[in-house]
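J.: Residue numbering for the sequence shown follows the numbering used here, beginning at 5 and increasing consecutively. Backbone N, C-alpha and C fix where the C-beta goes; we use that ideal spot for every residue, glycine too.
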Amino acid sequence: MKKEIDPKESPRGRAFELWKTAAMPKVTIFKTFDITRLIKVAKRSGMKTNMLMCWCIGHAASSIEEFYILPAGGHLWQYDRLAVNTVVKTMNGDAHLCDIPFSANIHQFIEDYLQLTSQVHDTNEDHLFGEDYMAIDTSALVECEIDGVASVYSELFTNPFLAWGKYRRKFFKTTLPISFQFHHAQMDGFEAARFLNELQKVIDKLNI
5 MKKEIDPKES
15 PRGRAFELWK
25 TAAMPKVTIF
35 KTFDITRLIK
45 VAKRSGMKTN
55 MLMCWCIGHA
65 ASSIEEFYIL
75 PAGGHLWQYD
85 RLAVNTVVKT
95 MNGDAHLCDI
105 PFSANIHQFI
115 EDYLQLTSQV
125 HDTNEDHLFG
135 EDYMAIDTSA
145 LVECEIDGVA
155 SVYSELFTNP
165 FLAWGKYRRK
175 FFKTTLPISF
185 QFHHAQMDGF
195 EAARFLNELQ
205 KVIDKLNI
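1. Going along the chain, which residues of its own chain have a beta-carbon closer than 7 angstroms to the beta-carbon of M55, five neighbours each way excluded?
2. In the DSSP assignment, the beta strand (DSSP E) including C102 goes from what residue to what residue?
3. Over what stretch of residues does the alpha helix (DSSP H) that includes H111 continue unbroken?
4. Bridge partners for N89 per DSSP, in chain order?
5. Let me know if D84 comes out buried or exposed under the rule of 16 or more other beta-carbons within 10 Å of its beta-carbon.
6. Which one of A19, C58 and R172 has the shortest CA to CA distance from T36?
7. Have a look at G77 and F20 and give me their C-alpha separation to the nearest angstrom.
8. Hey, how far is the Cα of F165 from the Cα of T179?
9. Beta-carbon separation of A197 and W168 under 7 angstroms?
10. Once you ignore the five residues that flank A139 on each side, which residues in its own chain have a CB closer than 6 angstroms to its CB?
11. Hey, how far is the Cα of K30 from the Cα of H187?
12. My output table needs one value for E147: the three-state DSSP class, helix, strand or coil.
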């Protein structure tokens, strides 16, 4: 659930005051990941690469306190649950959004991912949790090799956002550049770097 917290009583109080009225309060970091392990697991298990990446993102974020705090509408909000949002191409060819609740149990996450993305595909309607979860937004542009995405800031969309394109193979290694955009009132570069480092560790240890 979501509740409003007093910024002055939060570890993010100083950052909130500095960045709450900034015209462009979001920062984007680009990092290339070694996803060799993830690709091997995906092929061996028959699982979708994007689905496994979404679980890795949720797992890495779940251990970092700042991901449960979100600035929005001039307020600071505290959440107790995370979701990972993905874009689904529906049966009509439209792009719709789907929130998947994060579970440390990868099998539960996979079950939810497959059920909810299929629902969005078939109904041509978004599946969003609203105030119940702090959602980490993702976008996979797999038709093209890209280095990342710098999203346009809107007060309506202050959630963290990760984007990537087609992965790249070279000899025995597979890499994937990912861009990570976050609101500076939510976290500083230190926490963002810790998340990115943790994401690589989760990918390296991925197992089903």
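T.: According to the structure shown:
1. If you ignore the 5 residues before and after M55, its C-beta comes within less than 7 angstroms of the C-beta of I114 and Y117, all in its own chain and listed in chain order.
2. A99 to P105
3. I110 to T127 is the extent of the alpha helix (DSSP H) around H111.
4. D103 and D141
5. With fewer than 16 Cβ atoms within 10 Å of its Cβ, D84 is classed as exposed.
6. Comparing Cα positions, the closest option is R172.
7. 12 angstroms
8. Straight-line Cα distance between these residues: approximately 19 angstroms.
9. no
10. A87, N89, D103 and N163
11. 4 angstroms
12. coil
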